[in-house]
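Chains as they are written, first to last, in the working numbering: chain A, 161 to 324; chain B, 161 to 324. Glycine included, C-beta positions come from ideal geometry on N, C-alpha and C. What follows is one structure encoded as structure tokens, with my remarks underneath.
Protein chains: 2
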Amino acid sequence: MKWDALEEEPCSVARTVAVIGDRWSLLILRECFLRIRRFDEFQASLGITRHLLADRLKKLVRFGVLRKIPYQEAPKRYEYILTQKGLDLYPIIMSIVHWGNIHMVDSRGRPMLHEHKNCKKMFDPVMVCSECGEPLSAKAVHVHLGPGARQSSPVHAKAQARAK
Amino acid sequence: MKWDALEEEPCSVARTVAVIGDRWSLLILRECFLRIRRFDEFQASLGITRHLLADRLKKLVRFGVLRKIPYQEAPKRYEYILTQKGLDLYPIIMSIVHWGNIHMVDSRGRPMLHEHKNCKKMFDPVMVCSECGEPLSAKAVHVHLGPGARQSSPVHAKAQARAK
DNA sequence: ACCATAAGTTCTATTTTAGAACTGTCAATA
DNA sequence: TATTGACAGTTCTAAAATAGAACTTATGGT
């Protein structure tokens, strides 16, 4: 499957994966949320090759996740900053961080801690239901085809039947 | 940078990306949450090459995200099911789905809808603070070095200073 | 004996990535 | 004036990963 085909899939996971579903894009976005903005800063902090960095930044700009803002003329240079679409990726990054904190730490503990400015406490992110506010688990969720679905595939129908 | 090096990084994003940070792993996990369990089911629903599927399943088992459960003897065959560690990836998948729902849908609308069995309503996932329950935004969070950190890099220190 | 099912493995061709060197523009310095 | 350094890329070759198809192995059914 080509990357372009992913964007066209009738699935929000596939379409999002088309944007952020490679090793470097996620790490670049991590740096964005840590206030990194310039080409050489990304390169220094990530150890990514300059070639790939240029490519990925271009991709993220194309998808509207980052925006190039000029910060000096002559020679014209740009900073890469998150758009609203990019800022909206925060829950993805935070849930990734949290899973790593729970399942991938060594004996020394977490590499980073997060303080909520509202309540001044160190916190973990929790995913809840927008309607009732209860924490979500996979087992408490039922999936329905939406208006943008293609149709239920036989293999999924079989799997759904098995789940009942 | 090699994939092995990612696992060793003092960063929960990098370590998680080492597990799920490629196109196919995330799509395989999507299928797992849709109750897909067998090799040929994965292959049929994803269109992944058999070679890569075998490789990725092996990787996910190695990381403890999936477990092989025998479902018949002679010839011995296995189903791949999510461990608790794998089930804990649900917030990541859901936040990816949600971002796609908001930013990557076409005019036909969402491919899938999610119903919360607790409250019987269609919902969106919301990420909140574990301490005060308020929804989280990147700007309301302050990052601190934790016990497992290496040390603040000069480039990050500069970026942090700029943010103040 | 022949076909089908399931879960892989093997093969070659293509694409992607790594790693290093190179380019162009300008400012500051010797 | 010539040199150096900062910055943001681009270009090059070699290595690694992926795509796509065919093949293998074990078994059960007709």
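Note on the region 161 to 222 of chain B: whole alpha helix (DSSP H) runs with a minimum of 4 residues are 163 to 168, 172 to 180, 183 to 193, 199 to 206 and 210 to 222, in chain order. In this structure, the straight-line span from the alpha carbon of residue 231 (chain A) to that of residue 197 (chain A) is close to 11 angstroms. The region 217 to 282 of chain B contains, as complete alpha helix (DSSP H) runs of 4+ residues, the segments 244 to 247 and 250 to 263 (chain order).
Taking a Cβ-Cβ cut-off of 7 angstroms, the neighbours of residue 176 (chain B) in chain A comprise 256, 259, 260 and 264, given in sequence order.
Any Cβ of chain A closer than 8 angstroms to the Cβ of residue 221 (chain B) would place that residue at the interface, and such an atom is absent.
A distance of 8 angstroms or more separates the beta carbons of residue 305 (chain B) and residue 249 (chain B).
For residue 182 (chain B), the chain A residues whose C-beta falls within less than 8 angstroms of its own C-beta are 181, 182 and 183, listed in chain order.
Judged by DSSP in its simplified three-state form, residue 295 (chain A) adopts strand. Rounded to the nearest angstrom, the gap between the Cα atoms of residue 175 (chain B) and residue 261 (chain A) is 9 angstroms. Three or more Cβ pairs closer than 8 angstroms define a contact, and the region 281 to 298 of chain A meets that threshold against the region 274 to 289 of chain B. For the 8 angstroms CB-CB criterion, residue 222 (chain B) and residue 172 (chain A) do not form a contact. The contact set of residue 245 (chain A) on chain B, defined by CB atoms closer than 7 angstroms, consists of 263 in chain order. With respect to residue 255 (chain B), residue 267 (chain A) sits apart: the two C-beta atoms are not nearer than 8 angstroms.
Here the alpha carbon of residue 259 (chain B) sits roughly 17 angstroms from the alpha carbon of residue 219 (chain A).
For residue 275 (chain A), the closest Cβ of chain B is nearer than 8 angstroms. Here residue 207 (chain B) is near residue 161 (chain A), since their CB atoms are less than 8 angstroms apart. Assigned with DSSP and collapsed to three states, residue 314 (chain B) falls in helix. Residue contact with chain B for residue 312 (chain A): absent (no Cβ-Cβ distance below 8 angstroms to any residue of chain B).
Between the beta-carbon of residue 275 (chain B) and that of residue 301 (chain A) there is about 7 angstroms, and that keeps the pair under the 8 angstroms contact cut. The CB of residue 237 (chain B) never comes closer than 9 angstroms to any CB in chain A; the least such distance is about 16 angstroms. Taking C-beta atoms under 8 angstroms as the contact rule, residue 319 (chain A) and residue 194 (chain B) qualify, at a distance of about 6 angstroms.
The Cβ atoms of residue 245 (chain B) and residue 263 (chain A) lie closer than 8 angstroms to each other.
Proximity of residue 270 (chain B) to chain A, defined by a Cβ-Cβ separation below 8 angstroms, is satisfied.
Judged by beta-carbon spacing, residue 216 (chain B) lies within the 8 angstroms limit of residue 184 (chain B), meaning their Cβ atoms are closer than that value. Residue 295 (chain B) counts as exposed, since fewer than 16 other beta carbons sit within 10 angstroms of its beta carbon. Out of A:273, A:307 and A:241, the CA that lies nearest to the CA of residue 323 (chain B) is found in A:241. Contact between residue 205 (chain A) and residue 205 (chain B) does not hold, since their C-beta atoms are separated by about 38 angstroms, which reaches or exceeds 8 angstroms. Think of a sphere of 7 angstroms around the beta carbon of residue 283 (chain A): the chain B residues whose beta carbon falls inside it are 289, 290 and 291, in chain order.
Within chain B, no residue has its beta carbon less than 7 angstroms from that of residue 210 (chain A); the closest one is some 13 angstroms off.
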